[in-house]
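Here the protein sequences line up with chains A, B, C and D, keeping their order.
Residues 1 to 318 (our numbering) are what the first sequence spells out, left to right.
Residues 319 to 636 (our numbering) are what the second sequence spells out, left to right.
Residues 637 to 929 (our numbering) are what the third sequence spells out, left to right.
Residues 930 to 1222 (our numbering) are what the fourth sequence spells out, left to right.
Backbone N, C-alpha and C define an ideal beta-carbon position, used for all residues, glycine too.
Each remark here refers to the structure printed beneath this line.
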Amino acid sequence: MALPFEKPIEDLEAKIREMQAYADEQQVDLAEEISLLEQRLERLKRETFAHLTRWQRVLVARASGRPTALDHVAAFVDDFVELHGDRALGDDPALVAGLGRVDGAGVVVLAQQKGRDTKENIHRNFGMAHPSGYRKAMRMMEMADKFGLAVVALIDTPGAYPGIAAEEQGQAWVIAESIRRMSRLRVPAVAVVVGEGGSGGALAIGVANRVLILENAVYSVISPESCAAIRWRDAAEAPRAAEALKLTSADLLEQGVVDEVVAEPLGGAHKDPAAAVAATAAAVRAALASLRGLGEQEIVRARAERFRHMGRVLVDSA
Amino acid sequence: MALPFEKPIEDLEAKIREMQAYADEQQVDLAEEISLLEQRLERLKRETFAHLTRWQRVLVARASGRPTALDHVAAFVDDFVELHGDRALGDDPALVAGLGRVDGAGVVVLAQQKGRDTKENIHRNFGMAHPSGYRKAMRMMEMADKFGLAVVALIDTPGAYPGIAAEEQGQAWVIAESIRRMSRLRVPAVAVVVGEGGSGGALAIGVANRVLILENAVYSVISPESCAAIRWRDAAEAPRAAEALKLTSADLLEQGVVDEVVAEPLGGAHKDPAAAVAATAAAVRAALASLRGLGEQEIVRARAERFRHMGRVLVDSA
Amino acid sequence: MALERWFRRQRPTRGDDDATPAGLWVKCSACHAQLYRKDLVAHLYVCKECGHHERMPVAARIAMLADEGSFEPWSGAVRPVDALGFVDVEPYAERLAAVQHKAGRPDAIVTGAARIEGERVALAVMDFQFLGGSMGSVVGEEIARAAERAGEEERALVMVAASGGARMQEGALSLMQMAKTTVALEHLASRRLPYVSVLTDPTTGGVTASFATLGDVIFAEPDALICFAGPRVIQQTIKQDLPAGFQRAEFLLRKGMIDDVVPRGELKRRLATVIGLLRAGGAAAPGALPAGA
Amino acid sequence: MALERWFRRQRPTRGDDDATPAGLWVKCSACHAQLYRKDLVAHLYVCKECGHHERMPVAARIAMLADEGSFEPWSGAVRPVDALGFVDVEPYAERLAAVQHKAGRPDAIVTGAARIEGERVALAVMDFQFLGGSMGSVVGEEIARAAERAGEEERALVMVAASGGARMQEGALSLMQMAKTTVALEHLASRRLPYVSVLTDPTTGGVTASFATLGDVIFAEPDALICFAGPRVIQQTIKQDLPAGFQRAEFLLRKGMIDDVVPRGELKRRLATVIGLLRAGGAAAPGALPAGA
Ligand SMILES: [Zn+2]
Ligand SMILES: [Zn+2]
């Protein structure tokens, strides 16, 4: 269950528990020793997480026990009502959509949902949406636009599903349309990458006025494994690919791809889900509040500007 | 091939041809006799078609050899380019869509197409569209709206197809959406019922500023056969149902459902397709011309008003 | 006022008490359990044994959805006309008169103002027992008027649909009600007022293919038959058996056509919640929506 | 001007003459017929034996579409940066330099003003031979600039797409080009200027999932591979054989995804016709489109 680099931390945690149990059992006072160990644990965690390699961040972003999109939704959305269906192809459980309330104001919620266990993962197709998922998202964007509801999108997907039906139903087309539809929203949109931001399948609901990312989440044009398979012709080179892709929250902030990094509890969101979802909730609330009061045209213009200037190029003077 | 009530006409036509052949062969002058017979033929046709029962009109509307929607299109649309696909489910040959030019101005053409023979009829599903046909129509309406292209819709369908896939893909939903989409067009729309206007499947592309109908076309909420099966519990009562439904061009003009009846050549459009399509072409051109110069809001408002006042009710005074 | 008269006449002539078969006991149409009639009524016409949702009279539907004492009828002043002189085995005019007398209302719909858990709405309920809830000029007109008045009074619109489709006795004029109701709904859309549609058993034909499926949110009752073409028509066309559950609410949920299947007992709450949420927007400066938006 | 220099440099370094294997004869990649190279070039790189459409160099594509002498290059002044310091088996910077030298242009796209049978257009042609036509910041930027300039100059935009997808060596910045190109296309939409996309073999990944499929009209060349996920990826995922013709232009036409499959010899005519038709509107008083329309 533990990630490889978490072993020393877990060992130390086990040792503290053991010592505590011994103290309780034998009625001896080990408070000082335990306190010292806890300080050491704190230091160890801090150092470990300060120096995670990019590949290790990928593993944290995918860690089991990490809060899912709907876990975050539960923390900051009141009166959440899931709405189903794309009115064309079906209803996609990998992309959950609904209405809710944040700080009293109605919002449209879009959430790419992985499973919390194998059964849910299969139901959710591991968070990989089909075209009907993106069509549902677009339908909800229409609704948001019509009723002046802000859009909150939670991104957590390895990518749009690569399958026969998905291609037949125009996976590329719906992603392109969803990007366009979202870019036209006359209401504020906030996107949060809470786990994996996988390529076009993530960006389809990521064309927001503010794009946040959790500290240990990643956002990439391609998975490290696929990148390694193509560039090194060996998927096992994924750690090197992760380094090359510069896909961590800090990298993306530096690149201007995200606007803000939401700090996770020490040890990662999966170690303290409650604290993690609380931090996300506060950040989303603040982001929504910062966009309140803008006019429709300003909202559209600012979002377009944000994405228009993405990328780095050199321009020859004429 | 001939419709039952056409028998006397066809007999007389045969007699004239025979007499002409005899005259030619024998080098005798039968011009006077032939002229008399031709006058009689003209009278017979006129009387027959003046007194067609409603059921007989239904038979004319469905007659083989009657110009199809695309035959009409060929007569009044220049540079026609068919565009395919609904970007979601497929491409429906029962509803042909494309761009073209009428009197120099770009138009979007929507045409419910029956087959000219069995093979084409099967390909066209007898003019019965699936949801993808209506989705394609809506896509073209978007295009018309965006580029300021008038919409010309040619209606000729027994109805939207009643099948498993059609229901699964939301036949009712797409008809409703198509009605709404068309009602929102900011460009002029002209619809022409050229053969059968079958229920919601026809109305889906019939929410136009001007609705024309060919003299022997019909437009009905239900087919006479189905109506008879329900109300008389006997489909063979279709002629009585046709009477009751008041579905001819004259009836519909009286009811305010259509704005104008396009006269057909004597004997019906199937007897002189060239004249029929020419008459339609002239009527469509005139209808488009009458709508030119109206502003977007006026176009939307006038179309909405047109349909808002459909129906007959008594209102109690308060 | 005439419209109130029409509505009031409804109770004595046919209220809950006449809507189910006479007698103390009734049989569930799904599991055939014997149910004490008063229990069935008290349970919103849902079978306690199997959960089957029986069709429900209009008055009971209004009572179940509207906050107590909040319903004020709008419909009733508009009466049908036999515009075509339609005659089949019986003249339409005579049939109408008989049904009107039995139902105590002029046609197959009741509309009015109401509150649903405090939310101000216009409520429209179709009456399947009135000529199969078929849509003629009056149904179309009452829906159009309700949508327009809801717009003026800044109310959301809640539609409880139940219909066999268009009313063929009114010919093409009944067909045109599909467009009429649709254009009237623009009075809500242009003011950003929510329209929630509830599809009940059965909702078919021209009603499904117009206003009933144009809701911003569409709910359906469990196991409700919802379709464009009826199952019998399809079977005759394709000469095949239909898949299990075909055209039922749960099937349509899987096919992406409705927002949810909502059991009757939860319907009022759910309606109030989504209407409340859709009215809690104002995220961006509203401004009138342009035509076509 | 730098951009013209870039464009002019292209011909001597790699024009039609270097785009096909050296020698007088080439083999059709579909039917393996031996073709006289000059014939193949003269026939727009379409095999005379089987009709197979070979991939085509950028200069030949421009020559085939633009009216003689009408093409004026816009692109060329924007050059790529190795923003990530990306290194795999070879540093991205070095790979770029080599490809730029070979191609005689800074990146995988050429844009410019042109006329197509008289229609004033902006023409953008992607170069699959330049790092697989992958979209990094430069491709995104040139497309955005072309869309903006087309808007200002009231030109339609014609895009000839050919791409392996996003350029992974530019990381998330390459992904963002999908959104950048999309928002730039609004400069056309808001002015009601047509955007016609031509999908050629192959068009895949992030390019298919952004500007390439957002055309008002979408044409594809015969048998072109057009997809989001490549066939190999899908096969690895689902562990099944793929249906015949899967993800090819004709397949997508049946699936409703493109407007038509247009043989290369008819492409110029067809483009001119649809652009002419889309610009012949003015049916209603235009007025600026509102945001979101
Ligand atoms: Zn029961
Ligand atoms: Zn060949």
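- In terms of Cα proximity to G267 of chain A, the closest of A:V60, A:E33, A:E32, A:A31 is A:V60.
- Judged by beta-carbon spacing, A455 of chain B lies within the 8 Å limit of L413 of chain B, meaning their Cβ atoms are closer than that value.
- Shortest Cα-Cα distance from A276 of chain A to any of A:R308, A:W232, A:I213, A:E225 involves A:I213.
- Under DSSP, the beta-bridge partners assigned to F855 of chain C are C:V834, C:D896.
- In this structure, ligand 2 has no non-hydrogen atom nearer than 7 Å to the beta-carbon of C227 of chain A.
- Counting only residues whose CB is nearer than 6 Å to a non-hydrogen atom of ligand 1, the list in chain order is C:C664, C:A666, C:C667, C:A669, C:C683, C:E685, C:C686, C:H688.
- When the beta-carbon positions are compared, H981 of chain D and S958 of chain D come within less than 8 Å of each other.
- When DSSP states are grouped into helix, strand and coil, V77 of chain A belongs to the coil group.
- In the structure shown, R1096 of chain D adopts coil according to DSSP, grouped into three states.
- In the three-state scheme derived from DSSP, where H, G and I count as helix and E and B as strand, H270 of chain A is classed as helix.
- About 6 Å separates the Cβ atoms of Q171 of chain A and P131 of chain A, confirming a contact at the 8 Å cut-off.
- For D79 of chain A, same chain residues with a beta-carbon under 7 Å away, outside a window of 5 residues either side, are G100, R101 in chain order.
- For I473 of chain B, the enclosing beta strand (DSSP E) stretches over residues 468 to 475.
- Following the DSSP letters along the chain, one finds Y728 of chain C inside the alpha helix (DSSP H) bounded by residues 728 to 739.
- Boundaries of the beta strand (DSSP E) around W661 of chain C: 661 to 663.
- In the DSSP annotation of this structure, the continuous segment of the alpha helix (DSSP H) that includes I991 of chain D starts and ends at 987 to 994.
- Residue pairing for L964 of chain D: DSSP places it in a beta bridge opposite D:V955.
- The three-state reading of DSSP puts E260 of chain A in strand, counting E and B together.
- Between the beta-carbon of A75 of chain A and that of A278 of chain A there is about 6 Å, and that keeps the pair under the 8 Å contact cut.
- Excluding five sequence positions before and after Q338 of chain B, the CB atoms of its chain that fall closer than 7 Å to its own CB belong to I352, given in chain order.
- When the alpha-carbon of G513 of chain B is set against those of B:F465, B:S567, B:P411, B:G629, the nearest one is in B:S567.
- By the criterion of a C-beta distance shorter than 8 Å, T371 of chain B is surrounded in its chain by P557, A560, E561, once the five residues flanking it on both sides are discounted.
- By the neighbour-count definition (other C-beta atoms within 10 Å, threshold 16), E730 of chain C is an exposed residue.
- Below the 8 Å Cβ cutoff, chain D contributes A1108, T1111, V1112, E1115 as neighbours of S183 of chain A, in chain order.
- The residues I16, in chain order, have a CB closer than 7 Å to that of E38 of chain A in the same chain once the five nearest residues on each side in sequence are set aside.
- For L1154 of chain D, there is no enclosing alpha helix (DSSP H), since its DSSP letter is neither H nor E.
- Proximity of the stretch 1086 to 1105 of chain D to the stretch 1127 to 1142 of chain D meets the contact definition, three or more beta-carbon pairs being nearer than 8 Å.
- Minimum Cα-Cα distance from A63 of chain A among the listed residues A:R306, A:V313, A:F307, A:H270 corresponds to A:H270.
- A direct Cα-Cα distance of roughly 49 Å separates E806 of chain C from V77 of chain A.
- The beta-carbon of R231 of chain A is placed no less than 8 Å from the nearest beta-carbon of chain B.
- Comparing C-alpha distances from A406 of chain B to each of A:I175, A:P8, A:V152 shows the shortest one belongs to A:I175.
- Under the 8 Å criterion on CB atoms, G488 of chain B is classed as interfacial with respect to chain A.
- About 15 Å separates the Cβ atoms of P858 of chain C and A880 of chain C, ruling out a contact at the 8 Å cut-off.
- At least one beta carbon of chain A lies nearer than 8 Å to the beta carbon of K1184 of chain D.
- Only exposed fits R868 of chain C, as fewer than 16 other CB atoms lie within 10 angstroms of its CB.
- Around I870 of chain C, the beta-carbon contacts reaching into chain B at under 8 Å are P480, G481, I482, E485.
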